[in-house]
Every structure is written in C-alpha cells, then in structure tokens.
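In numbering that gives the first Met the number 0, the protein residues as written are 0 to 173. We put the CB at the ideal spot given by N, CA and C, even for glycine. Quantities reported herein were computed from a predicted structural model and do not represent experimental measurements.
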Amino acid sequence: MALSKVPHSGLSLKVLSIPEGFAVHHSLASLYVWLSIAKMRKLVIPKYYGRPSIGLALFGCANRPFYHICVFPDKALGRRFEGNIVEQVGTFDPLPNSRNEKLVSLNFGRLKYWIGERNAHISVPVLELLGISGLFPIHPKTFVRARHNRENKTEEKENKNSEEEAPSSKEATA
Numbered sequence: 000m001a002l003s004k005v006p007h008s009g010l011s012l013k014v015l016s017i018p019e020g021f022a023v024h025h026s027l028a029s030l031y032v033w034l035s036i037a038k039m040r041k042l043v044i045p046k047y048y049g050r051p052s053i054g055l056a057l058f059g060c061a062n063r064p065f066y067h068i069c070v071f072p073d074k075a076l077g078r079r080f081e082g083n084i085v086e087q088v089g090t091f092d093p094l095p096n097s098r099n100e101k102l103v104s105l106n107f108g109r110l111k112y113w114i115g116e117r118n119a120h121i122s123v124p125v126l127e128l129l130g131i132s133g134l135f136p137i138h139p140k141t142f143v144r145a146r147h148n149r150e151n152k153t154e155e156k157e158n159k160n161s162e163e164e165a166p167s168s169k170e171a172t173a
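What follows is the structure in structure tokens.
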C-alpha cells in the first residue's frame with residue numbers, strides 16, 4: 000500500500016496502489032479509489048463542513064442594497080454570497096420607506112432551529128436585528144449607535160440655532 004495522488008482532483012488521498020506481483024481484479028482497485036473519493040467529497044461539501052453561521056447576504060444594486068438573512072455552511076468558507084447558502088431565514092431592507100421604516104422579515108421558527116439545534120454562529124449585524132426584534136437581548140452596539148445618533152442630532156440643532164442667532168446679531172450692530 001502506498002500514497003499517491005488522484006489525478007485531476009488536486010487532493011492527495013490515501014489510495015491503494017497494488018504491486019504488480021498481486022493478482023487482484025482491476026474493478027476491485029477502482030472501486031476502492033471511488034469509495035475513498037466519495038468519502039472525501041462528503042467532507043468537502045460545504046453542507047456537511049463545520050459549524051453553520053447566520054449572516055447577511057447582499058442582494059440588490061449599488062445604490063439600493065437589500066439583504067437576505069441566510070444560513071451559510073461555514074464561517075471559514077467566506078461570508079459573501081457565492082451560491083453557498085443553505086437556507087434563507089429572512090430579509091432586511093436598510094433604506095427607510097415613505098414612513099421612515101426599515102423593513103425586516105424573519106422566520107423565527109427556522110432561526111430557533113438553526114441556533115438551538117444546529118448551534119449556528121450569528122454575525123453581529125444579525126444579532127443587532129434579533130435584539131431589536133425581541134428574540135435576543137439588545138446588542139450593546141445598538142446602544143452605542145443610538146447614543147451617537149442622539150449626540151449628532153443635538154449638535155445639529157445647536158449649530159442650526161447658532162446660525163439663526165448669528166445673522167440677527169449682525170443686523171443689530173449695523
């Protein structure tokens with residue numbers, strides 16, 4: 000028995016190489032090779048590889064983003080949408096509509112399955128959405144973002160008030 004590479008696969012596998020002195024039927028050796036390749040394929044298929052993760056897959060256009068909340072096969076295989084999505088469990092539209100609402104739709108039953116039974120890793124943006132929706136506690140990043148937004152609004156109001164007062168003081172001096 001020796002180690003050899005399976006041609007055209009790029010993988011080095013333990014393959015049974017039969018010495019010339021042995022009289023073994025050719026189909027038996029090829030069957031062993033095919034079985035070992037089938038086992039490797041099952042390990043390489045992303046559906047069976049590692050811990051699944053839940054994240055956002057970007058769909059839409061350049062100026063009109065739209066996200067699908069998806070289950071990816073493994074965190075290590077890449078987070079961008081490349082066709083390796085196991086299941087879509089929701090959608091997220093980040094641009095506000097006419098009523099200033101950002102729309103989110105979630106399938107809580109499937110999310111609970113993937114988080115509880117399959118122990119899926121959850122990305123931070125999805126954790127924020129799940130915290131706001133009430134499935135999880137509110138993520139600390141949400142509090143930080145809200146505080147920064149409040150501070151920015153108060154600064155804008157102060158700047159606006161100071162701009163309104165400045166022209167009236169110039170008129171009084173003239």
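| Asked | Found |
| --- | --- |
| If you run the structure through DSSP and keep just helix, strand and coil, what is P64? | strand |
| Which term fits V143, buried or exposed, when burial requires 16 or more other beta carbons within 10 angstroms of its beta carbon? | exposed |
| Out of curiosity, what's the CA-to-CA distance linking F58 and E163? | 43 Å |
| If you pair each beta-carbon of the segment 124-132 with each one of the segment 148-155, do three or more pairs fall below 8 Å? | no |
| In the DSSP assignment, find the beta strand (DSSP E) that holds I53 and state where it starts and stops. | 52-59 |
| Around the C-beta of T165, are 16 or more other C-beta atoms found within 10 angstroms, so that it is buried, or is it exposed? | It should be pointed out that residue 165 corresponds to Ala in this sequence rather than to Thr. Exposed is the call here. |
| Measure from the alpha carbon of L105 to the alpha carbon of each residue in P64, A119, S132, then state which is nearest. | S132 |
| In angstroms with no decimal places, state the Cα-to-Cα distance between G54 and Y66. | 9 Å |
| For I121, collect the residues of the same chain with a Cβ closer than 6 Å to its Cβ; drop the 5 residues on either side in sequence, then sort them by chain order. | I53 |
| DSSP on R40, reduced to helix/strand/coil? | Caution applies to R40, whose pLDDT of 48 falls short of 50 and renders its modelled position unreliable; the model cannot decide the point. |
| One question on the structure: do F107 and L134 come within less than 8 Å of each other, judged by their Cβ atoms? | yes |
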